[in-house]
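4 protein chains.
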Amino acid sequence: MITEYIKTIFYEDPKLENPVLVEGLPGVGNVGKLAAEHLLEQIEAIKFAEIYSKYFPPQVLVDDEGLIKLVNNELYYSKGDGKRPDLIILVGDYQGLTPDGQYELSDHVLQIAKKYGVKMIFTLGGYGVGKMVEKPRVLGAATDKELVEEMKKHGVVFSKGEPGSGIVGASGLLLGLGKIYGMRAVCLMGETSGYFVDPKGAEVVLRVLAEVLSVDIDFSALEDKAEQIDLITSKIREIETPPEPKREDLGYIG
Amino acid sequence: MITEYIKTIFYEDPKLENPVLVEGLPGVGNVGKLAAEHLLEQIEAIKFAEIYSKYFPPQVLVDDEGLIKLVNNELYYSKGDGKRPDLIILVGDYQGLTPDGQYELSDHVLQIAKKYGVKMIFTLGGYGVGKMVEKPRVLGAATDKELVEEMKKHGVVFSKGEPGSGIVGASGLLLGLGKIYGMRAVCLMGETSGYFVDPKGAEVVLRVLAEVLSVDIDFSALEDKAEQIDLITSKIREIETPPEPKREDLGYIG
Amino acid sequence: MITEYIKTIFYEDPKLENPVLVEGLPGVGNVGKLAAEHLLEQIEAIKFAEIYSKYFPPQVLVDDEGLIKLVNNELYYSKGDGKRPDLIILVGDYQGLTPDGQYELSDHVLQIAKKYGVKMIFTLGGYGVGKMVEKPRVLGAATDKELVEEMKKHGVVFSKGEPGSGIVGASGLLLGLGKIYGMRAVCLMGETSGYFVDPKGAEVVLRVLAEVLSVDIDFSALEDKAEQIDLITSKIREIETPPEPKREDLGYIG
Amino acid sequence: MITEYIKTIFYEDPKLENPVLVEGLPGVGNVGKLAAEHLLEQIEAIKFAEIYSKYFPPQVLVDDEGLIKLVNNELYYSKGDGKRPDLIILVGDYQGLTPDGQYELSDHVLQIAKKYGVKMIFTLGGYGVGKMVEKPRVLGAATDKELVEEMKKHGVVFSKGEPGSGIVGASGLLLGLGKIYGMRAVCLMGETSGYFVDPKGAEVVLRVLAEVLSVDIDFSALEDKAEQIDLITSKIREIETPPEPKREDLGYIG
Chain B
0 MITEYIKTIF YEDPKLENPV LVEGLPGVGN VGKLAAEHLL EQIEAIKFAE
50 IYSKYFPPQV LVDDEGLIKL VNNELYYSKG DGKRPDLIIL VGDYQGLTPD
100 GQYELSDHVL QIAKKYGVKM IFTLGGYGVG KMVEKPRVLG AATDKELVEE
150 MKKHGVVFSK GEPGSGIVGA SGLLLGLGKI YGMRAVCLMG ETSGYFVDPK
200 GAEVVLRVLA EVLSVDIDFS ALEDKAEQID LITSKIREIE TPPEPKREDL
250 GYIG
Chain Z
0 MITEYIKTIF YEDPKLENPV LVEGLPGVGN VGKLAAEHLL EQIEAIKFAE
50 IYSKYFPPQV LVDDEGLIKL VNNELYYSKG DGKRPDLIIL VGDYQGLTPD
100 GQYELSDHVL QIAKKYGVKM IFTLGGYGVG KMVEKPRVLG AATDKELVEE
150 MKKHGVVFSK GEPGSGIVGA SGLLLGLGKI YGMRAVCLMG ETSGYFVDPK
200 GAEVVLRVLA EVLSVDIDFS ALEDKAEQID LITSKIREIE TPPEPKREDL
250 GYIG
Chain D
0 MITEYIKTIF YEDPKLENPV LVEGLPGVGN VGKLAAEHLL EQIEAIKFAE
50 IYSKYFPPQV LVDDEGLIKL VNNELYYSKG DGKRPDLIIL VGDYQGLTPD
100 GQYELSDHVL QIAKKYGVKM IFTLGGYGVG KMVEKPRVLG AATDKELVEE
150 MKKHGVVFSK GEPGSGIVGA SGLLLGLGKI YGMRAVCLMG ETSGYFVDPK
200 GAEVVLRVLA EVLSVDIDFS ALEDKAEQID LITSKIREIE TPPEPKREDL
250 GYIG
Chain W
0 MITEYIKTIF YEDPKLENPV LVEGLPGVGN VGKLAAEHLL EQIEAIKFAE
50 IYSKYFPPQV LVDDEGLIKL VNNELYYSKG DGKRPDLIIL VGDYQGLTPD
100 GQYELSDHVL QIAKKYGVKM IFTLGGYGVG KMVEKPRVLG AATDKELVEE
150 MKKHGVVFSK GEPGSGIVGA SGLLLGLGKI YGMRAVCLMG ETSGYFVDPK
200 GAEVVLRVLA EVLSVDIDFS ALEDKAEQID LITSKIREIE TPPEPKREDL
250 GYIG
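Chains as they are written, first to last, in numbering that gives the first Met the number 0: chain B, 0 to 253; chain Z, 0 to 253; chain D, 0 to 253; chain W, 0 to 253.
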C-alpha cells in the first residue's frame with residue numbers, strides 16, 4: 000500500500016458544485032466528531048474516500064463481529080437539496096500524531112477540497128472550560144471580518160481572549176492553511192467541560208451550522224445521548240456532593 | 000550499509016507455493032514471539048532474510064560468547080509437507096520504535112510477502128488482562144467474515160468489545176495493511192497477565208495455529224517453560240498472600 | 000500550501016545594502032522577542048516575508064476580533080538613515096519544535112539573509128539566572144575575537160563559564176550556522192529571572208544593540224512595561240515575605 | 000550550510016594505510032570520550048574533519064573567551080610510528096539525539112572510514128554498574144571469535160550476560176553496522192559507577208587499547224583526574240556514611 004506517507008483510496012468521484020467542507024475530527028469532548036457524524040447520518044452522506052497515513056497510530060480497530068479496520072479519516076459527500084449547498088464532510092478515528100503529521104494531513108485534505116472546488120470551510124470542535132456547562136455557548140474564529148459578522152447573526156460568540164491559546168489541530172490548521180489556499184473558513188467551538196464525550200456541546204455547534212447552511216436536521220438522537228450523559232454526570236455529582244440533611248434527620252431541633 | 004531506512008539482506012531466494020505468513024514479534028507477554036519461535040524451531044525453518052532498520056533501537060545485542068548482533072527482524076521459511084502449507088515466519092528482537100516506523104516496517108514485510116505470493120497471514124500476540132489467567136482463551140480478529148467463522152470452529156473466541164482498544168503494532172498493521180494489499184489475515188491473541196513472559200499464552204495460540212495449518216508440533220519445550228513460569232509466579236503469590244494458618248497452629252481450637 | 004517543510008511567502012523584495020540581521024524569537028523571559036519587537040516598532044520596519052513551517056505547532060492564534068493567524072515567523076526590513084545600517088529583523092510566535100526543525104528554520108533564514116547580502120548578525124535572548132535581577136547585565140558570545148573586543152566596549156560582559164550550557168535554539172544556531180556561511184555574529188543575552196516575561200531584560204539588551212548600530216530608540220514604552228512587571232512581582236514578594244513588625248506592635252519593648 | 004542532514008567539512012585529506020578507527024563519544028561516565036581525548040592528545044593527532052548534523056542538539060557551546068562553537072563530532076588522524084598503526088579517532092560533544100540519527104551518523108562515519116581503508120574498529124565506552132568500583136574491569140564485545148580470543152589475551156573480560164542489555168549508541172552501532180560493511184570491530188567497556196565522569200574507567204580502557212595497538216601513552220594526566228574524582232567521591236561518602244566512633248569516644252568501655 001503505502002510508500003507514501005498519506006494514501007487516499009477513492010471509491011467514487013462525485014460531481015459537486017461549490018461544496019462546503021465540514022470537519023469534525025476527535026478533539027476536546029469529541030464535540031466536533033459527534034457533530035459531524037450526526038450531520039452525515041442525518042443527511043445520509045455517502046463515503047467517497049478513505050485516508051490512511053503513517054501519521055496515524057499503528058493500530059487496527061476491531062468491531063463487534065471481530066472484523067478489523069485500519070484507523071483512518073474518511074470523506075463523505077452529500078448533494079444539496081436546492082436549499083442547502085453540496086457538502087464534503089471529514090470525519091475519522093484520529094488526528095495526526097505529530098505536529099508535522101497534522102500539517103501534512105490538513106494540507107492533504109485541502110488539496111482534495113481544492114480539486115472539488117471548495118471555497119468555504121467549517122471546522123467543528125470543543126472549547127474546554129474545565130467545569131460543567133449548563134448552556135454551552137458556541138464560540139467562533141474566522142478567516143475574515145465579514146464571516147465574523149455573519150456568524151454573530153447566528154448567535155456565535157466572538158469573545159476577546161477566548162480561546163486564549165488559539166486553536167490546535169485540524170480545526171485550526173484547516174483555517175490557517177485554508178486561508179493560504181484562498182478559502183474562507185470558520186471554526187465553531189462548543190463549550191464543554193472537556194471531561195466527557197459531550198453530545199450537548201455537539202448539538203449546539205451543529206444547530207448553528209444547520210442554520211447557517213440551511214440543513215434540516217433531527218436532533219433527537221443527539222439530545223438522547225446528551226440526556227444519558229447528563230444522567231451519568233448528575234449521578235457522579237450526587238456521589239461527590241454530600242446530600243442536604245432531610246427534615247426527619249433534624250427531629251431533635253423540633 | 001544503510002542509506003535506506005530499511006535494509007533487507009537476503010541469504011536465499013526460496014521457491015514457495017502460496018506460502019502463509021506467520022508473524023510473532025515482541026509484544027504483550029511476548030506471546031507472539033514465543034509462539035513463532037517455537038514454531039520455527041519445531042519445523043526447522045530456514046532463515047532466508049534479515050531486516051535492519053533505522054526504526055529499530057540503535058543497539059547491538061551481545062551473546063554468551065561476546066559476539067555482537069545488530070538488532071533486526073528475521074524471515075524464515077519452511078516448505079510444506081503435503082499436509083501443511085509452505086510457511087514464511089517473521090520473528091525479531093524489536094518492533095519499530097515510532098508509529099511511522101511501524102507502518103514502514105509492516106509495509107516492507109508485506110511487499111516481500113507479496114513477492115513470494117502470500118495470500119494468507121496469521122499474526123500472533125498476547126491479550127493483556129492484568130491478572131493471572133488459569134486457562135487462557137485465544138481471542139481473534141480477522142479481515143473478513145468467512146475467516147471469523149472458520150476460526151470459531153477452531154475454538155477462537157470473537158468477543159464483543161475485546162480487544163476494546165484495537166490491536167496496536169505489527170500484529171494489527173499486517174492485518175490492516177494486508178487487507179489493502181488484498182491479503183486475508185487473522186490475528187490470534189492469547190490471554191496473558193501481561194506481567195510476565197508467558198509461554199502458556201504462547202502455547203494456546205500456537206495450538207490453534209497448528210490445528211488450522213495442520214502442523215505437527217511437539218509442545219513439551221513450551222510446556223516446560225510454562226511450568227517454570229508457573230512455579231515462579233506461584234512462589235511470588237505465596238510471598239504476597241499470607242498463608243492459611245495450618246492445623247497445628249490452631250491447637251487452641253481443638 | 001505546503002508540500003515543503005518550510006514555506007516563505009514574500010510580500011516585497013526590498014533593495015538593501017549590507018543589511019544587519021537582528022533575531023528576536025520567543026525564549027527565556029521572552030527577552031529577545033520583546034527587544035526585537037520594540038525595535039521594529041520604533042524604526043517602523045516593514046514586514047516583507049512570512050515563514051510558515053511544519054516545524055511550528057499545528058496551531059492558529061485568534062485575535063481580539065476573532066480573526067485567525069497561522070503561527071509563523073516574520074521578516075521585517077528597515078532602510079538605514081545614513082547613521083544606522085539597513086536592517087532585517089526576524090520575529091515570530093514560536094521557534095521550531097524539534098531539534099532538526101530548529102536547524103532547518105535557522106538555515107532557511109540564513110539562506111534568505113545571504114540572498115540579501117547579510118554579513119553581520121545579532122541574536123537577542125535572555126540568560127536565565129533563576130532569581131530576580133535588579134540590574135541585569137548583558138552577556139555576550141560571538142563568532143570571532145574582534146567582535147568580542149568590540150562588544151566589551153559597549154558594556155557587554157563576556158564571563159568565563161557563562162552561559163555554562165551554551166546557547167540553545169535560534170539565538171545559538173544563527174551564530175553557529177552563520178559562521179559556516181561566513182557571517183560574523185553576536186548573541187546578546189539579557190539577564191532575567193526566567194520566571195516572567197521580562198521587559199527590563201529586553202531593555203538592557205536593546206540599549207546595547209541601539210548603541211552598537213547607532214539606532215535612535217525611545218525606550219519609554221518598554222520602561223512602562225518593565226515598571227508594570229516590577230509592580231506585579233514586588234506585590235508577589237510582599238505576599239510571600241512576612242512584613243517587618245511595625246513600631247507600634249513592639250510597644251511592650253519600650 | 001545544511002540542506003543535508005549531516006554535513007562534514009574536511010580540512011585535510013590525509014594519506015593513511017589501513018588505519019584503525021577509534022571511537023570515543025559521550026556516554027556512561029564519559030569513559031569513551033575521556034579515553035579517546037586522552038589518546039589523541041598523547042599522540043598529537045591532527046583534526047581533519049568536522050561533522051555537523053541536524054541530529055545533534057540545536058546548540059552552540061561558548062568557550063572561556065566568549066567564542067562560540069556549533070556542537071559537532073570531529074575526526075582526528077595520526078600516522079603510525081612503525082610500531083603502532085595509522086589511527087583515525089572520532090570524538091565529539093554529543094551523540095545523535097534520535098535513534099535514526101544515531102544510525103545515520105554511525106553510517107556516515109563508516110562511509111568515511113571505508114574511504115580511508117579502515118578494516119578494524121575499536122569503540123570505547125563505559126559499563127555502568129550502579130556502584131563505586133575499586134578496580135574496574137574492561138569488558139568486551141566483538142564481531143568475531145578470533146577477536147574475542149585476542150582481546151582475552153589483553154585482559155579483556157567476556158562475561159556471560161554482561162552487558163545484559165546489549166550496547167546502545169555509537170559504540171554499539173559502529174560494531175553492528177561495521178560488520179555489515181565487512182569491518183572487524185571490538186567494543187571495550189570500562190566498568191564505572193555511572194554517577195560521575197570517570198577518568199579511572201577511561202584509564203583502564205585506554206591501557207588495554209594502548210597495549211593492543213602498541214601505542215606509548217603517558218597516563219599521568221588521566222591518573223591525576225582520577226585521583227581528583229576519587230577525592231571528591233570519598234568526601235561525599237564520608238558525609239553520607241556516619242563515621243566509625245573514634246577510640247576516645249569509647250572511653251566508657253575501657
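Where a beta carbon is used, it is the ideal one built from N, C-alpha and C, also for glycine.
Under 9 Å between C-beta atoms, does residue i make it to chain Z?
| i | result |
| --- | --- |
| Ser105 of chain W | yes |
| Glu149 of chain W | no |
| Lys53 of chain B | yes |
| Glu22 of chain W | no |
| Ile8 of chain B | yes |
Can you list, in chain order, the residues of its chain with a C-beta nearer than 6 Å to that of residue i? Leave out the 5 residues immediately preceding and following it.
| i | result |
| --- | --- |
| Met188 of chain Z | Gly124, Tyr126 and Leu138 |
| Gly100 of chain Z | Tyr54 |
| Ile111 of chain B | none |
Does residue i get closer than 9 Å to chain W when you measure Cβ to Cβ?
| i | result |
| --- | --- |
| Tyr4 of chain Z | yes |
| Met0 of chain Z | With a pLDDT of 49 at Met0 of chain Z, under the threshold of 50, the modelled position of this residue cannot be trusted, and the question is left open. |
| Leu96 of chain D | no |
| Val61 of chain Z | yes |
| Asp215 of chain D | no |
| Thr142 of chain D | yes |
Classify residue i as buried or exposed, calling it buried when 16 or more other Cβ atoms lie within 10 Å of its own Cβ.
| i | result |
| --- | --- |
| Gly65 of chain D | buried |
| Ile42 of chain D | buried |
| Phe47 of chain Z | buried |
| Lys213 of chain D | In the sequence as presented, Lys is not what sits at residue 213 of chain D; that position holds Ser. Label assigned to Ser213 of chain D: exposed. |
| Gln94 of chain Z | buried |
| Phe121 of chain W | buried |
| Ala220 of chain Z | exposed |
| Arg206 of chain Z | buried |
| Gly81 of chain Z | exposed |
| Tyr51 of chain W | buried |
| Leu89 of chain D | buried |
| Glu145 of chain W | exposed |
Got a sec? Which residues, its chain only, sit under 8 Å from residue i by beta carbon, not counting five neighbours each side?
| i | result |
| --- | --- |
| Leu96 of chain D | Tyr54, Phe55 and Pro56 |
| Ile67 of chain Z | Val59, Leu60 and Val61 |
| Pro162 of chain W | Tyr126, Leu138, Ala140 and Met188 |
So is residue i in contact with chain B if we call contact Cβ pairs under 9 Å?
| i | result |
| --- | --- |
| Gln227 of chain Z | no |
| Phe121 of chain Z | no |
Does the CB of residue i have a neighbour CB from chain D at under 9 Å?
| i | result |
| --- | --- |
| Pro56 of chain W | yes |
| Ile67 of chain W | yes |
| Glu73 of chain W | no |
Can you tell me where the beta strand (DSSP E) with residue i in it begins and where it stops?
| i | result |
| --- | --- |
| Glu40 of chain D | Taken as a continuous stretch (DSSP letters only), Glu40 of chain D belongs to no beta strand (DSSP E), being part of the alpha helix (DSSP H) at Val30 to Gln41. |
| Leu273 of chain W | Residue 273 of chain W lies beyond the residue range present for chain W, which begins at 0 and ends at 253; the question has no answer from this structure. |
| Tyr54 of chain W | Segment: none, Tyr54 of chain W is in no beta strand (DSSP E) and carries neither H nor E. |
| Leu123 of chain W | Met119 to Gly127 |
Looking at the secondary structure, which residues open and close the alpha helix (DSSP H) in which residue i lies?
| i | result |
| --- | --- |
| Ile111 of chain Z | Pro98 to Lys114 |
| Leu86 of chain B | Run containing Leu86 of chain B: none in the alpha helix (DSSP H); it sits in the beta strand (DSSP E), Leu86 to Gly91. |
| Glu210 of chain D | Pro198 to Leu212 |
Quick one: what's got a C-beta closer than 7 Å to residue i's C-beta in the same chain, skipping five residues either side?
| i | result |
| --- | --- |
| Phe9 of chain D | Phe47 and Ala48 |
| Tyr180 of chain D | Leu109 and Lys113 |
| Lys224 of chain Z | Pro198 |
Could you tell me whether the stretch 194-206 of chain W touches the stretch 26-41 of chain W, where touching means 3 or more Cβ pairs closer than 8 Å?
yes
Check whether the stretch 14-25 of chain W touches the stretch 83-94 of chain W, taking contact to mean three or more Cβ pairs, one atom from each stretch, closer than 8 Å.
With a cut-off of 8 Å, the stretch 83-94 of chain W and the stretch 14-25 of chain W count as touching, because enough Cβ pairs lie within range.
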